[in-house]
Every structure is written in C-alpha cells, then in structure tokens.
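**Q** Here the sequence shown stands for residues 8 to 432, numbered as in my numbering. Just so you know, even glycine gets a beta-carbon here, dropped at the ideal spot from N, CA and C. On a predicted model such as this, the values are computed, not experimentally measured, just so you know.
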Amino acid sequence: MTLQATASGPLRGRIKVPGDKSISHRALILGGLAEGETRIEGLLEGDDVLATAAAVRALGAEVERTGEGAWRVRGGPWTSPEAPIDCGNSGTGARLLMGAVAGRPITATFTGDESLRSRPMKRVTGPLGEMGTRFEGGDRLPITVHGGGLGGIDFENATASAQVKSAILLAGLGSAADVIVREPRPSRDHSENMLAAFGCELTRDGGTVRLGAQRGLRGTDVVVPADPSSAAFPLVAGLIVRGSEVTVEGMLVNPLRAGLYETLIEMGADLRIENRRAVNGEAVADLTARASRLYGVTVPADRAPSMIDEYPILAVAAAFAEGETVMHGLGELRVKESDRLAAILAGLAACGVDARADGDTLVVTGGAPAGGGLVTTHGDHRIAMSFLMLGLAARDAATVDEPHMIATSFPGFVPLMQGLGARIA
Ligand code: S3P
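1) Excluding five sequence neighbours on each side, which residues of the same chain lie with their C-beta closer than 7 Å to the C-beta of A174?
2) Which residue from A414, A401 and L395 puts its Cα closest to that of V407?
3) Measure the Cβ-Cβ separation of L294 and L242 and say whether it is below 9 Å.
4) How would you write the range of the alpha helix (DSSP H) that Q462 sits in, first residue to last?
5) Do the region 200 to 213 and the region 231 to 245 meet, that is, are 3 or more Cβ pairs less than 8 Å apart?
6) Quick one, are the C-beta atoms of T45 and G74 less than 9 Å apart?
7) Taking only the alpha-carbon atoms, compute the straight-line gap between V230 and V248 and give it to the nearest angstrom.
8) Take the Cβ of E190 as the centre, count every other Cβ of all protein chains shown within 10 Å, and call the residue buried at 16 or more, exposed below.
9) Would you call the CB atoms of M334 and L369 closer than 9 Å?
10) Give the single residue among A68, R72 and E42 whose Cα lies nearest to the Cα of L51.
11) Is E388 near the ligand S3P, going by C-beta to nearest heavy atom under 8 Å?
12) Could you tell me the alpha carbon to alpha carbon distance between A432 and G53, rounded to whole angstroms?
13) Using a Cβ-Cβ cut-off of 9 Å, state whether A203 counts as contacting chain C.
14) On the DSSP letters alone, give me the boundaries of the alpha helix (DSSP H) that F394 sits inside.
15) Determine the direct distance from the alpha carbon of F327 to that of L381, and round the result to whole angstroms.
16) For R192, name the three-state secondary structure that DSSP assigns.
17) Among the candidates M424, H388, G379 and G139, whose CA atom is the shortest distance from the CA of R402?
18) Pull the bridge partners of W78 from the DSSP assignment, please.
19) If I measure Cβ to Cβ from R306 and keep anything under 6 Å in the same chain, skipping five residues before and after, which residues do I get?
20) Could you give the C-beta distance for G386 and S122, rounded to a whole number, given that I count them as a contact under 8 Å?
21) Taking 8 Å as the cut-off, is the C-beta of G98 nearer than that to any heavy atom in the ligand S3P?
22) Taking 8 Å as the line, does the beta carbon of I4 fall inside it for any heavy atom of the ligand S3P?
23) State the DSSP-derived secondary structure class of H335, mapped to helix, strand or coil.
24) Please find out if some non-hydrogen atom of the ligand S3P comes closer than 8 Å to the beta-carbon of H197.
25) Taking just the CA atoms, how far does I92 sit from A32?
26) Is S236 near the ligand S3P - that is, is its Cβ less than 8 Å away from at least one heavy atom of it?
27) Residues in its own chain within less than 8 Å of I36 by CB, not counting five upstream and five downstream?
28) Please report the distance separating the alpha-carbon of E331 from that of V371.
29) Using the three-state DSSP reduction, which class does V131 fall into: helix, strand or coil?
30) Alpha carbon to alpha carbon, how far is F142 from G133?
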C-alpha cells in the first residue's frame, strides 16, 4: 500500500495532535515502578506507547485503559516475564525499559521489529553493565537483562541522549550508590521532571543530573501535552502551502524540544506562540503557522538534541526556502528508526530537490520542488509524514510506501490533515 499527497490548500483550522511520545512512555514506566496509583490523561495511543503499556503489564504492574487517552497504572513489585518483551518499533521503549529492569532483581528478554533489532544497544548496555547488570546478547536486540544488585556510576556521555540518560536514572532507582549522568549539553529532561513529580530526589546542573538519596516513587496524576514532534507536520504544512493558517493547541514548548520552532522562526516563518501555560511542570502553548516565505539558514550542531526527530520535516521546509539550508551535527540520524540521513537525501532526490551530505552535515538547496516521486520510507513514520507534507505544496504529487508505520507515533494523522484541507489518499 502507498499514500499520495497532492497539491492542496489553503490549509485551515485549529487542531489537537496526540500526546507527547516521550512523556507517554515515561508516564507508563514510572507509574509501573511507583507505589500506588497513577492516572494518565492524554496518553499517546500509538503503537510504540501501546507496546510499552503491554511491557509494563507483563512486568507485573496493573495497566488499564479507562477512556480515550485515559489510563490507570498501579505499580507493584516487578517480576520476570515468561515471554520476551516486544517493544515493536520503539527505541525509547526498549532502552528505558532495559534500564528500569536493570534496577530490579528480575530477568527479562527484549526484542522488537526488524528496524529496532538493527539499532545499537551498547549505548545503554555499556553503562548499565558498569553499574553491575549482566546481559546476554551483543549490541543488537534480542538481549536478556539480568537486573538487581546494582552499584553506582558517574557516566559521561560524549553525545547528548535522553534515552541513555533515562536508562541510567531508571536503573539507579534500584541502587543506593551515587548515580550521576553528564552530557555535553542537556538532552530532553522529561525523565527528570517526571521523577521529581513522583517524589524522587535529584539535582541538575547544566548537562549533569545526579540522583538523590530518596529514590522511591509515589504514584501521581500525569497530563500529557501535545507532541511537538507530531505538531511539526501540520505546522510546517501551514507554512509551505499557500494561503494556509493552522493552529495546534496545547503543544509542549519545553525549550529542550523546541529547536525546530526556533529554526523556522529564523527562516522567516510566521509562527505565533500564544497562551503559554504550565501543565504538570511542562510548558505548553498554542502555535499558529501562517503561510510564509522561508529563507535558508545554518543550523548549528549544538541545536541537534533539541530537534533530533525534526530534521526530516525541517529538510522539507528547507526544500521550499530560498537559498541553502545547512544542518550540522546529524550523525545520530543514521541510527534512528531508519538511516534518516540517507532516507532524507533519497526522498528529496526523488522529488527533484537538490541536497547533499558532507559527513554529518546536510545541505538542502531550496526552490520550488517538483515532487512527483515515490519515496521509500524504510518503515520510518517520520520520513512518511514529512514527504506527504512536501507533496501538499509541490508541483506534482508525492507518494510514500509503508504508510501504516505512521500509527507508531501519530494515529489519526491522515484524517486530521484531511480535515485541514490536505489532499492525501
Ligand atoms: C527520546 C530521545 C531521542 C529521540 C527519541 C525519543 C526520548 O533519542 O530521538 O525519539 O524519549 O528519550 P536519543 O536519546 O537517542 O537522542
């Protein structure tokens, strides 16, 4: 099956996009580790997060859906599951759960789909092994984790990675020793924010996080804001499709996730951020994108952690900008749900856009994309959604393969876009 997006517009409307994926995974895992009840509202019910819900249940917590996006989790002592835990397509689910299991005196085997089984895991098994976890397997899933009896760690990561940081912190909940993670610049801090809300002591200083003495978790209520990584697709479409005005309500605007929006504003985007408020310790706002003339910019490498999942859609915005957009520091894109650097280059080439990679730098020459291509997504949801957005504003339609993978992070994406006026079929 394929999906095709055809020149559309104008796109108009106020929409809500699903809950943040990173926060949704964490709410389920922390709820499962906590004493007492956790009620979650606005949980992303995409395949990635549903795999984490099933995993937390298999590990011994009560996990129950009580309504649309409404879930109740009752933590309990974790037990060794009989069957392997299948994290599907989700690197976040796998890496965070491996950390959480490492901190408990249990054994669990982790696996996933073909994409997840090809992604590197040494980045978490390395530090967790240093803390005393024993593993069976190598750098790739399936891997068996033998948890419990952990010591401490003072871990310095060369690249900022919230997944690695979170795996270590979650494992550290089961240790009484010093647990410190140092990053060159802070990665997304949802684990820290939520651990604090669940009653865990921790301190932060720039890119350094240190667990305190009080590490027990108490269940609490979590409201999940709209995912800025999902909102990026309709908002960029609002910028590139002539005459459009699209508003996304209640979007997470945590500065450690806002790199795309900062970049689009530098490119000349008419992007308004209104009604700023705090929800559960996270900053939230309504964002409105109006069709804009965009100009190429240089995006520095140190911005990458705050927009790591947004380069495919930024590359599409860049294809419509005047001049060159230069994006530095993209090495991590090679080990995401697909080799995203290669997938972006191939997709842009298929749609008649000039782009090149020079080491970890991507350069896109903007203009008026011809479109017309069949884009191979390599099973990557964000590649699929990005190139559909390109098709809405290009001369000829853009077609993507494996569109079912969009459900990993953005269920309801196609009808939501159609409701704005997008021609996708
Ligand atoms: C995530 C962290 C990022 C991001 C992923 C979600 C998280 O990965 O790409 O989609 O929820 O912690 P890295 O930690 O590998 O950068």
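**A** The relevant details are as follows:
1) R102, L103, M105, G106, V131 and L135
2) L395
3) yes
4) Because the chain spans 8 through 432 in this model, residue 462 falls outside it and cannot be assessed.
5) no
6) no
7) 32 Å
8) buried
9) yes
10) R72
11) Sequence inspection shows His at residue 388; the Glu mentioned does not correspond to that position. H388 Cβ: outside cutoff for every heavy atom of the ligand S3P.
12) 21 Å
13) Looking for chain C here will not work: only one protein chain is present.
14) H388 to A400
15) 19 Å
16) coil
17) G379
18) I47 and R72
19) The sequence as given places Val at residue 306; Arg does not occur at that position. T270 and M334.
20) 5 Å
21) yes
22) One cannot answer for residue 4 here, as it falls past the ends of the chain, which runs 8 to 432.
23) coil
24) yes
25) Sequence check: residue 32 is His here, not Ala. Their Cα atoms are separated by approximately 15 Å.
26) yes
27) T59, V63, L103, L104, A107 and L177
28) 6 Å
29) helix
30) 10 Å
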